[in-house]
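Report on one structure; see the data block that follows.
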Amino acid sequence: MFENLSERLSGVFDKLTKQGALSEDDVKTALREVRIALLEADVSLPVARDFVATVQAKATGQAVTKSITPGQQVVKIVHDELQRVLTGDEDPGALKIDNPPAPILMVGLQGSGKTTTTAKLAKRLKERDGKKVLMASLDTNRPAAMEQLAILGMQIGVDTLPIVAGETPVQIAKRAKVQASLGGYDVYMLDTAGRLHIDAELIAQAAAVRDVANPRETLLVVDGLTGQDAVNVAQEFDDKIGVTGVVLTRMDGDGRGGAALSMRAITGKPIRFVGLGEKMDAIETFEPQRIAGRILG
Ligand code: GDP
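Mapping of the sequence shown onto numbering that gives the first Met the number 0: position 135 corresponds to residue 134, and the numbering continues sequentially without gaps.
Right, here's the structure in full:
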């Protein structure tokens, strides 16, 4: 498996002569290791390169602290910088759901975990925030997906909009809004259709739904194990639909979390939640510190 970055760096620094400050050469040697660690964690090359340049500027000339080794010192600078890049201005878990009924649009590719995440978030809103939530599936091409949401709704005790055959996604979104208003719901979640790839139809449909629903949040669900692909998907969805945040799923897997850094650095969009398994409780608010630790190994 991966060698821990701290161990790797202490190896590098053991070979160097002790000096009062981190010299440019010390830092350069260490940062070669940092770059490798980032790439192994699946951070994209340009992001790793920019990141290393920033750390280099911060580390060079820094006085060597007596209590920790130079290796630990560089790891700390890297860790702090990772956390800085990953941290947004706002609380990632705070969804904008004032002014009921607040629409939340869920978008993403098929298989990313969108329907599961919709139900997980609905359960969270219901149990933690005491909200009355309605879920609606807009995946008119896949009756099984609509059925899946209804089954999850029953499991978690959250209402789903009754399925009416022959409606378009826009018609379903309108009906969800009416039902949410009449039924006194705080939030209604629209689970849009997913495709295996982003295509014109998928985007046109999501955009049409966005235009009628005027969502308070548009959350993009992406598979955290797909690395750079996840970042490309996010970039495209954001360009075409506009998203307010990202949910990274399958973070319970073996991935090193580098996608989170690339995602943040390239799209500028906050990661709001991470999916940590198939169960309905397996979702957490994104915590930059944990991901930073995981990227460093
Ligand atoms: P959709 O096509 O995007 O709606 O994807 P689904 O919600 O149907 O999820 C596809 C599969 O991924 C299902 O078997 C889910 O249980 C699983 N899944 C979703 N989120 C996670 C996660 O965070 N971790 C793991 N391990 N599996 C997940």
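Beta carbons: idealized from backbone N, C-alpha and C, even for Gly.
### Task
Identify, in the order they occur along the chain, each residue of the same chain with its Cβ nearer than 7 angstroms to the Cβ of Gln-109, setting aside the five sequence neighbours on each side.
Taking the first residue of the sequence shown as 1, we reach residue 109 at position 110. Excluding residues within five positions, the ones whose Cβ falls inside 7 angstroms are Gly-193, Arg-194 and Leu-195.
#### Entry: Nearest candidate by alpha-carbon position, reference Ala-135, set Pro-99, Ile-35 and Gln-178
For the purposes of this step, residue 135 is taken as residue 136 along the sequence shown, with counting starting at 1. The residue with the shortest Cα to Cα distance from Ala-135 is Gln-178.
### Message
Using DSSP's beta-bridge definition, name the partner residues of Tyr-187.
### Response
Taking the first residue of the sequence shown as 1, we reach residue 187 at position 188. Pro-102 and Leu-133, per the DSSP bridge assignment.
### Message
So Thr-59 and Val-26 are supposed to be a Cβ contact under 8 angstroms. How far apart are they, rounded?
### Response
Within the sequence shown, the letter at position 60 stands for residue 59. Within the sequence shown, the letter at position 27 stands for residue 26. The Cβ separation is near 5 angstroms, so the contact holds.
### Task
Can you give me the start and stop residues for the beta strand (DSSP E) that Arg-271 sits inside?
Counting from 1 along the sequence shown, the entry for residue 271 is found at position 272. Run containing Arg-271: 270-274, per the beta strand (DSSP E) assignment.
### Query
Whose C-beta lies closer than 7 angstroms to the C-beta of Ala-121 among residues of the same chain, with five residues either side of it excluded?
Here residue 121 refers to the residue found at position 122 when the sequence shown is read from its first residue. If we look at Ala-121 and ignore the five residues flanking it on each side, its Cβ neighbours are Val-132, Met-134, Ile-155, Val-157 and Met-188.
### Query
Which residues in the same chain as Val-230 place their Cβ atom closer than 8 angstroms to its Cβ, once the five residues preceding and following it in sequence are excluded?
The residue labelled residue 230 in the question sits at position 231 within the sequence shown. So the qualifying residues of the chain are Ser-43, Ala-258, Ser-261, Met-262, Ile-265 and Thr-266.
### Message
Taking the alpha carbon of Gly-274 as the reference point, which residue from Leu-181, Ser-111, Ser-66 and Val-208 has its own alpha carbon closest?
### Response
By 1-based counting over the sequence shown, the position of residue 274 is 275. Nearest Cα to Gly-274 within the set Leu-181, Ser-111, Ser-66 and Val-208: Ser-111.
### Task
Report yes if the C-beta of Val-232 is less than 7 angstroms from at least one heavy atom of ligand 1; otherwise report no.
The count along the sequence shown starts at 1 and reaches residue 232 at position 233. Answer for Val-232: no, Cβ out of range of ligand 1.
### Query
Per DSSP, which one or two residues make a beta bridge with Leu-219?
For the purposes of this step, residue 219 is taken as the residue at position 220 of the sequence shown. In the DSSP output, where bridge partners are listed per residue, Leu-219 has Val-106 and Val-245.
### CB of Leu-4 within 8 angstroms of CB of Gln-61, strictly
Position 5 of the sequence shown, counting from 1, holds the residue named residue 4. Position 62 of the sequence shown, counting from 1, holds the residue named residue 61. No, Cβ-Cβ distance for Leu-4 and Gln-61 is not below 8 angstroms.
### Query
Does ligand 1 have a heavy atom nearer than 7 angstroms to the CB of Val-220?
Taking the sequence shown and counting its residues from 1, the one referred to as residue 220 is at position 221. At least one heavy atom of ligand 1 is nearer than 7 angstroms to the Cβ of Val-220, so yes.
### Query
Contact check, Val-246 vs Leu-218 under 8 angstroms by CB: the rounded distance?
Translated into positions along the sequence shown, residue 246 becomes position 247. Translated into positions along the sequence shown, residue 218 becomes position 219. Right, their Cβ atoms sit about 6 angstroms apart.
### Query
Who are the Cβ neighbours of Pro-91 in its own chain at under 6 angstroms, not counting the five residues just before and after it?
For the purposes of this step, residue 91 is taken as residue 92 along the sequence shown, with counting starting at 1. Pro-269, Arg-271, Thr-284 and Phe-285.
### Query
If you follow the beta strand (DSSP E) that Glu-283 is part of, which residue opens it and which one closes it?
Taking the first residue of the sequence shown as 1, we reach residue 283 at position 284. Taken as a continuous stretch (DSSP letters only), the beta strand (DSSP E) holding Glu-283 covers 282-284.
### Query
If you pair each beta-carbon of the stretch 95-104 with each one of the stretch 206-214, do three or more pairs fall below 8 angstroms?
yes
### Query
Is DSSP giving Thr-225 helix, strand or coil here?
Indexing the sequence shown from 1 puts residue 225 at position 226. Here Thr-225 sits in helix by DSSP.
### Task
Return the residue from the list Glu-126, Thr-117, Ser-9 and Ala-164 that minimises the CA-CA distance to Asn-140.
Indexing the sequence shown from 1 puts residue 140 at position 141. Of the candidates Glu-126, Thr-117, Ser-9 and Ala-164, the one whose C-alpha sits nearest the C-alpha of Asn-140 is Ala-164.
### Query
What residues match up with Thr-139 in a beta bridge as DSSP calls it?
Residue mapping note: residue 139 aligns to position 140 of the sequence shown, counting from 1. Its beta-bridge partners do not exist; DSSP assigns none.
### Query
In three-state terms, what does DSSP make of Thr-159?
Mapped onto the sequence shown, residue 159 falls at position 160. Reduced to three states, the DSSP call for Thr-159 is strand.
#### Entry: Cα-Cα separation, Pro-161 to Glu-200
Position 162 of the sequence shown, counted from the start, is the residue given in the question as residue 161. Position 201 of the sequence shown, counted from the start, is the residue given in the question as residue 200. Cα to Cα, the separation comes out at about 25 angstroms.
### Query
Can you list, in chain order, the residues of its chain whose CB lies under 7 angstroms from that of Met-0, leaving out five sequence neighbours each side?
Against the sequence shown, residue 0 aligns to sequence position 1. Caution is warranted here: a pLDDT of 43 is assigned to Met-0, below 50, making its placement in the model unreliable, and no coordinate value can be reported.
### Query
Should Ile-282 and Arg-123 be called a contact, given that it needs their Cβ atoms to be closer than 8 angstroms?
Here the question's residue 282 lines up with position 283 in the sequence shown. Here the question's residue 123 lines up with position 124 in the sequence shown. Contact: yes.
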